[in-house]
Amino acid sequence: MLSIYSILLLLGLFVVTIVRKRWFHPLSKFPGPFLASQTDLWRVYHLWTRRMPENLIKLHEKYGPIVRYGPNDLSFHGVAAINPIYKSGRKVSKSNFYDGFTTFHPNLFGMRDEELHAKRRRQMAHSFSVASLSQMESIFHRRINHLVDVIDSYGPRPFDLKELLAYYTYDLMGELIFNAEFGSMAAQDPDNLPPINEHIFLGCMYGMLPSLLPYSMQLAPHIPLPWLQDLLKSRKTLRDQTAKHVAEEFAKEKSEERHNILARLMEARDPETGEELTEAQISSEAFAFLVAGSHTTSGTLTLLFYHLLHNSVSAKNLTEELNTSLQLPATGNEPLPAYSGLEMQLPYATACIRENYRVTPVFTMPLPRTIIEPGGTVIDGHHVPQGANVAIVNEVLQHNASVWGEDHDNFRPERWLDPDNKLSPNDLLPFGAGHRACIGRNIASMSVLKVLTTLWRRYELEAVDPAEELIVETVGIGEKKGSLMVRAKLRPQ
Ligand code: HEM
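Numbered per this note's numbering, the sequence shown spans residues 361 to 853.
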C-alpha cells in the first residue's frame, strides 16, 4: 500500500509537471488548447476523429497564426512560415513523427538522416522526371483506356467512380513501378485493394506518440485487436509482394530495354559517387511508393470529380475549354494527348486541378520539422527555440481567409485566372515544399490531368445525388467519405 506521503508526493509531481509544461516550457508563450500543451494524446484523439485539419483550422481562427497543438509542437497557418519551415536547408530536419513510417528500413519519405536522404534522392530523382516518365506514357494510356472500357460497360447504369479510380491508380502503380499486372480493375473487388489508408493511420498514430516508439511497434503484434492484426497481416503481405516483384526484376536479363520505375532505379547511380541502390533499398522504396502514391492520387481525382459534378459553372467552363482546345475525338480509344504542354493548352482544367488541391488537399497530415539550428530560428516573425517541432498542415494554410478570401471554402477555379488578383501556386502545399517535397508529383500530375481530360471529354457525367454534401475524412491522408455514384453518357461527337 502507498503511504499518504507517497500519494502526496506523486500528486505534487503531477501538478509540477502540468504547471511546468503549461507555464514554464520553452513553448509556453504560444497559445493553444490546455490539453494539447500537456500530452501527445490530444493529437492522437484528433487523428482518431478523422477531422484533425478542420479542428486545427478552428483553433487557428480562435488563437491566431500559431497554435501550440502538442507539448512540443507548433502549427502555423501563414504563407510566411513556408520558407523557414520547409526551405531553410539544414536549420530544420524531419521530426521523430516520421519514425512511425520507417518500420523496417529507412525510405525516402521517412528517413530523418539528411545526408542519407540527399544521397538517396540524388540516386532516385531522374526516375521521376517528366523526361523519364514520358517514356512510360503508354502505361498511363493503357490504364486509362481500361478505365474507359469499364465505364463504357456500365452503359446508363450508375457506378461508383471513386472505386474505379482506386482500381485505376493501383493498377497504374503496379505497372509503372514493377511492370506487374495487379488486376484490380479486372476483378473490381474492393477487397483486392490493400488497406493503404489504414497503413497511413497506423504510421501517424505511431509517429504522434514518438516517446513510445519502438515499444509500440514491438507491442502491436501482441495486441489482440482484430483490425490491428488484420492490418499488420496485410502490411506484411504487401511488403512480401513488393519484395517478390523486386526480386523478379533483379533476376531478369539486363539486356532487354525496360521502361518502369524499378528498372530505372536498378540503373540509377549517385551522380556524385556512382553508388547503386541495393535490392533491399529498392524494395523498401517501392513499398513506400505504393503507400504514398496510390490513395493520394485516386483520392485527389475523386474529390476533383466531386467538385465538378456539384458545380455547374465549373463543369460548363471545363466542357467548353476541352471542346475547343483539345483536338481529340470524344469517343473511341484513340491515343491520348501527350502530357508535355497539355497544362499550357488547358488553363481552365489546370485551374480546376489547382483549386481542388487547394480546397480539399489529400495529404493532410502535419509535416513536422524539428528546429536544429542552435539558438532557434524566426518563423513568421516569432522566435522559435531549438528542439521545437514546427509544421504547416496544408489544409489549414489553404483555408486561411486572409490569403484566399472569405470564400475559401468554395471550389472556384476562376480565382486562379483573375488577372487582378494574382495568386501564387507556391502558396499551396499539396505536394509539400523544399528538398523533401513529393518525388512522385509528376506521376500524380500526369494521372490527374490525363484522367480528367479523357473522362470529361468523352462522357457527360452526372452525380446520382446532386445535393450530396461533401464530407472528407482524414487519417493523415484524406478521402471523400462514402462512394461517388455517377452515371456516364457518351458525349455527342
Ligand atoms: C496526388 C498525389 C500525391 C500527393 C498529394 C502527394 C503528397 C506528398 C507530400 C505532401 C509529400 C511531402 C511530405 C513531407 O514533407 O513530409 C510527399 C512526399 C513523398 N511522396 Fe508524394 N504525393 C502524391 C503522389 C505520390 C506518388 C505517385 C509517389 C510515388 C510514386 C509519391 C511518393 C512520395 C515520396 C517517396 C515522398 C518523400 C519525398 C522525400 O522526402 O524526398 N507521392 N508526397
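Beta carbons are placed, not taken as given, at the ideal position from N, Cα and C, and that holds for glycine.
Proximity test, MET454 beta-carbon vs the ligand HEM heavy atom, cut-off 8 Å: Note that residue 454 is Lys in the sequence shown here, rather than Met. Yes, the Cβ of LYS454 comes within 8 Å of a heavy atom of the ligand HEM.
Using the rule of at least 16 other Cβ atoms within 10 Å of the residue's Cβ for burial, across every protein chain shown, is HIS795 buried or exposed? HIS795 should be labelled exposed.
From which residue to which residue does the alpha helix (DSSP H) around MET845 run? Element bounds for MET845: not the alpha helix (DSSP H) but the beta strand (DSSP E), 845–850.
CA-CA distance, GLU497 and GLY563? If you draw a straight line from the Cα of GLU497 to the Cα of GLY563, it comes to about 32 Å.
Could you spell out the range, first to last residue, of the alpha helix (DSSP H) harbouring GLY563? Annotation: the continuous alpha helix (DSSP H) that includes GLY563 extends over 556–568.
Just to check, is the beta-carbon of MET533 closer than 8 Å to a non-hydrogen atom of the ligand HEM? Placement of the Cβ of MET533 at a distance of less than 8 Å from at least one heavy atom of the ligand HEM is found.
Pull up the CB-CB distance for GLU681 and TYR699, whole angstroms please, since I reckon it's below 8 Å. So it is not a contact: roughly 17 Å between Cβ atoms.
When ILE831, GLU755, GLN398 and SER672 are compared against PRO719, the one with the closest alpha-carbon: The sequence given here has Val at residue 719, not Pro. The residue among ILE831, GLU755, GLN398 and SER672 with its C-alpha nearest the C-alpha of VAL719 is GLU755.
Where ALA440 and HIS768 are concerned, what is the direct C-alpha to C-alpha distance, given to the nearest angstrom? Roughly 18 Å between the two C-alpha positions.
is_contact[ILE837, chain C] using C-beta, thresh 9 Å: Looking at the structure shown, chain C is missing, and only one protein chain is on hand.
Classify ASN770 as helix, strand or coil using the three-state DSSP reduction. For ASN770, the three-state secondary structure derived from DSSP is coil.
Please report the Cβ distance between GLY392 and LEU419, rounded to the nearest whole angstrom; I am assuming they are in contact, meaning their Cβ atoms lie under 8 Å. Yes, GLY392 and LEU419 are in contact; Cβ-Cβ is about 7 Å, under 8 Å.
Count the C-beta pairs between the stretch 745–753 and the stretch 381–389 that are closer than 8 Å, then say yes if the count reaches three, no if not. As far as the Cβ criterion goes, the stretch 745–753 touches the stretch 381–389, which means the pair count is three or higher.
Taking 6 Å as the limit, tell me which residues put their C-beta closer than that to any heavy atom of the ligand HEM, in chain order. Those residues, listed in chain order, are LEU468, PHE469, ARG481, ALA648, PHE649, ALA652, GLY653, THR656, THR657, THR660, VAL722, PHE723, LEU727, PRO790, PHE791, GLY792, ARG796, ALA797, CYS798, ILE799, GLY800, ILE803 and ALA804.
Would you kindly check if the distance between the Cβ of LYS451 and the Cβ of ILE752 is under 9 Å? LYS451 is positioned such that its CB atom lies no closer than 9 Å to that of ILE752.
Would you call the stretch 831–838 and the stretch 402–420 in contact, with 3 or more CB pairs under 8 Å? Contact between the stretch 831–838 and the stretch 402–420 is present: three or more C-beta pairs spanning the two stretches fall below 8 Å.
Using a Cβ-Cβ cut-off of 6 Å (strictly less than) and excluding sequence neighbours within five positions of VAL824, which residues of its own chain qualify? Once the five neighbours on either side are set aside, the close Cβ partners of VAL824 are PRO518 and MET845.
Got a sec? Which residues, its chain only, sit under 8 Å from ILE803 by beta carbon, not counting five neighbours each side? Excluding positions up to five away in sequence, the list reads PHE488, LEU493, LEU536, GLY653 and THR657.
Through-space distance from LEU369 to MET533, alpha-carbon basis: Cα to Cα, the separation comes out at about 58 Å.
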